[in-house]
Each structure stands twice: as C-alpha cells, then as structure tokens.
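Just below is one structure, and these are the notes that go with it.
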Ligand SMILES: Nc1ncnc2c1ncn2[C@@H]1O[C@H](COP(=O)(O)OP(=O)(O)OP(=O)(O)O)[C@@H](O)[C@H]1O
Ligand SMILES: [Mg+2]
C-alpha cells in the first residue's frame, strides 16, 4: 500500500488513508486471519465485503448518506471508499455537545434509521462509532446542525430483510451500544425513537413491539446471569 497511511488497526480490518484517482480515500482491508481455516476465512471475508457494498448501494437508492464506493477488490480484500474529510464520529460528538443540540441530533438519527428500515436495510452493527457527522461545506465546524449531514458507515454485518424482528434487534443493538458508551443514553434514546416513528410511521408499531420483546429477553438473560 504505497503512499497510504495506516490509520486504524481493528480486530477485523485495517483502515488506510490515501488518494485514489486523485481523490481522498479510505481503504478498508479485511486481512487474513490465520487462526481461521483458509477456505472459511476467504468465504466470510467475501460475504462481509459483499454485504458492505450491497448495503451501501441500497442506502444510496433510498437516500441514506453513506461514503461513495470507488473500488471493491476481492483479491486484495479491500474496499476503496470516499474519505469523509470534515467529519467527526458520533461517539466523540455526543461527549462534547450540549444536550439541546443532542436532542435535535437524536431526532435526525431516528429519522435516518427509520428511512433505512423502511428500505428494509438492517445495519447489523449500529453504534456511535459507526455514524459520522460531516460538515456539508468542507469546514471543520460541527455546532450548527443545519450544516451537518449524518452519514452511516461500517455495513459489513448488514443485510436486507423486511421483517420487524430484525429491525427491532437493530434498534436494541444500538441502545445497548449507546448505554455502554454514553451516560446520556437514557435522555437521548427516546428522541431517537421519536424520529424513527416520524419517518417510519407505517412500520413503527410492529418494530417497536419486537424491540420491546428482544429487550425483555435481554433483561431476563442478564438477571439469570
Ligand atoms: N469513509 C470514511 N471517512 C472518514 N472516516 C472513516 C470512514 N470510514 C471509517 N472511518 C473512521 O474509521 C473508523 C473505523 O471504521 P469502520 O467502523 O468502518 O471499521 P471497524 O473496523 O468496524 O472499526 P470499529 O470497530 O471502530 O467500528 C470509524 O469509526 C471512523 O472514525
Ligand atoms: Mg465500525
């Protein structure tokens, strides 16, 4: 990866930054895991890469902002995507932003997820690390929500499913992830649900019922140990 800089080494993937065809890109490489049987590892990696690409394309078609994909290279196990330069990960944003702005932002998160689920896209790994706030005017300013776009990333576990069950689980996964990361979760999660209901009015009732069901099961499991 000449000319590319390693920016993140995760458990599943390495992220590099560099340029491709004159544009700033992030390259996500799902490296070989030697402890896994080679054939299984290849198959799993290819599945993840396909899921990620398919979901991103489908998001575009229903109007959910995601990074543009420039190249999918199965041999090198790499996806070349648009590097969202003037961005901040939601995880950091939540920790440094006043509550009144977070309330408005939570509505926007809910509206976005509602639209995504209306399009039957299940993200599979909703966390505050997998959402970016991007300044629409290429500035590093993040206080005015009107200037920001919420962009979803990291679709390696995504799939298409019309069922309320998977959508409910998606919301539950998000709630758990937020609870384990942000003290403010109990204040903002209801606002996320409010936005969700607003944008996905036809599916909300059924999805919310499933979410509560999954949540109750989760609780029970926690109580048993
Ligand atoms: N297209 C992009 N533009 C700008 N930053 C990005 C982009 N893609 C990823 N990032 C940054 O890199 C981080 C990790 O990316 P991603 O979530 O795709 O990989 P990951 O291996 O699943 O990491 P994690 O375990 O943190 O979720 C993101 O949280 C974000 O800060
Ligand atoms: Mg991630």
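In my numbering, the protein residues as written are 29 to 253. Cβ atoms here follow ideal geometry from the backbone N, Cα and C, with glycine treated the same way.
When C-alpha distances from residue 214 are compared across 233, 52 and 203, the shortest belongs to 203. Looking only at 229, 54 and 83, the smallest Cα-Cα distance to residue 148 is reached by 83. At a threshold of 7 angstroms, residue 182 counts as near ligand 2, since its beta carbon sits closer than that to one of the ligand's heavy atoms. A heavy atom of ligand 1 is found nearer than 7 angstroms to the CB of residue 117. Per the DSSP secondary-structure output, residue 91 pairs with nothing in a beta bridge.
For residue 143 and residue 240, the gap between their C-alpha atoms comes out near 20 angstroms.
Beyond the five residues adjoining it in sequence on each side, residue 102 comes within less than 7 angstroms, by CB distance, of 74 and 77 in the same chain, given in chain order.
Counting other Cβ atoms within 10 Å of its Cβ, residue 41 reaches 16 or more and is therefore classed as buried. In the DSSP assignment, residue 117 forms a beta bridge with 160. No heavy atom of ligand 2 is found nearer than 7 angstroms to the CB of residue 156. Around the beta-carbon of residue 186, 16 or more other beta-carbon atoms lie within 10 Å, marking it buried.
With contacts defined as CB atoms closer than 8 angstroms, residue 228 and residue 146 qualify as a contacting pair. The residues 173, in chain order, have a CB closer than 7 angstroms to that of residue 132 in the same chain once the five nearest residues on each side in sequence are set aside.
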